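To start, the structure itself, in structure tokens.
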Amino acid sequence: MKLIIANWKMNPQTMRAATRIFKSTEAVASKLKKIKTIICPPFVYLSNLQSSSQNKLVLGAQDIFWTDKKTSYTGEISAPMLKELGAKYVIIGHSERRTHLGETDEIINKKIKYALASGMKAIFCIGERERDKEGDYLNFIKKEILHGLSGVPKKLFKNLIIAYEPIWAIGKSSKNADTPENVFTMVIYIKRILVSIAGRDIADNIPILYGGSVDTKNTAGYLEKGKVDGLLIGHKSLIPKEFNEILKIADKC
Ligand code: PGA
């Protein structure tokens, strides 16, 4: 199964609009054979968006806190809260949280450990700010992975998903996105790092996704030439016509 993940970010602004987008996606996602669609809406919409085809369309959250042991953390959300609302997946370490909300590798590491230990599937986002000619971005990616996964018990890796999202490619149009060829190289590079951490058998089962200006034009390229196991999609996931088309293209790849 390929994973197509919708990251709605802080959209839309009303429950009514959220329900409309969800229902439209559900109508298509529930019929596909090779795709698992995961919709990650803002927390406040989760309870109202319940899918009737749970194996094809699943809910995820865009963030999580790193404990539920002590509960005096104003504004935070724990794993039991998310699970009760049917969220099985959670995005952790998105670059927008790293850039605007002060999320560090240390915080991200705590969140990954907590989410996995709580039985959730963690979508761990990594990606460089710029692709320098010297190749320093490769070390940057390696450090992000090593920090993020530091101390994660190997038995929990089965619920880990890596989303490679180069920051320079996020929120643009497909001509500014990464190329499938580059993405393929990154998939191999990330896989090698995962092998060094967890061994080949475990690493081979960790899905690696691409995100950053995915649309109907580049979807097939990433899945076929880029050899990714799925896609993380931002702004296009809010436009049902486009997102549904992406889902159908992915199902044929
Ligand atoms: P985009 O966002 O598809 O709008 O580039 C991707 C993301 O930020 O996860």
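The sequence shown lines up with residues 34 to 286 when you count with my numbering. Each residue gets a CB set at the ideal place from its N, CA and C atoms; glycine is no exception. Treat the numbers as computed from the prediction; the structure is a model and nothing was measured.
- Collapsing the DSSP output to three states places G244 in a strand.
- L36 carries a strand assignment under DSSP once its states are collapsed to helix, strand and coil.
- In the three-state reduction of the DSSP assignment, L92 falls in the strand class.
- With a contact defined as Cβ atoms closer than 8 angstroms, A196 and C158 qualify at about 5 angstroms.
- Membership of A155 in any alpha helix (DSSP H) is not indicated; the residue belongs instead to the beta strand (DSSP E) covering 154 to 159.
- Of the residues L271, I279, G244, the one whose Cα lies closest to the Cα of I124 is G244.
- With contacts defined as CB atoms closer than 8 angstroms, E177 and D138 qualify as a contacting pair.
- Just so you know, the alpha carbons of N81 and A155 end up roughly 22 angstroms apart.
- Annotation for I230: no beta strand (DSSP E) segment contains it, though the alpha helix (DSSP H) segment containing it runs 213 to 231.
- Following the DSSP letters along the chain, one finds L171 in no beta strand (DSSP E) but inside the alpha helix (DSSP H) bounded by residues 169 to 181.
- By the CB criterion at 8 angstroms, Q95 and N44 fall outside the cutoff.
- Take the alpha-carbon of I203 and the one of A253: they are about 18 angstroms apart.
- Taking the Cα of G119 as reference, the smallest distance to any Cα among K143, N88, G126 is reached at N88.
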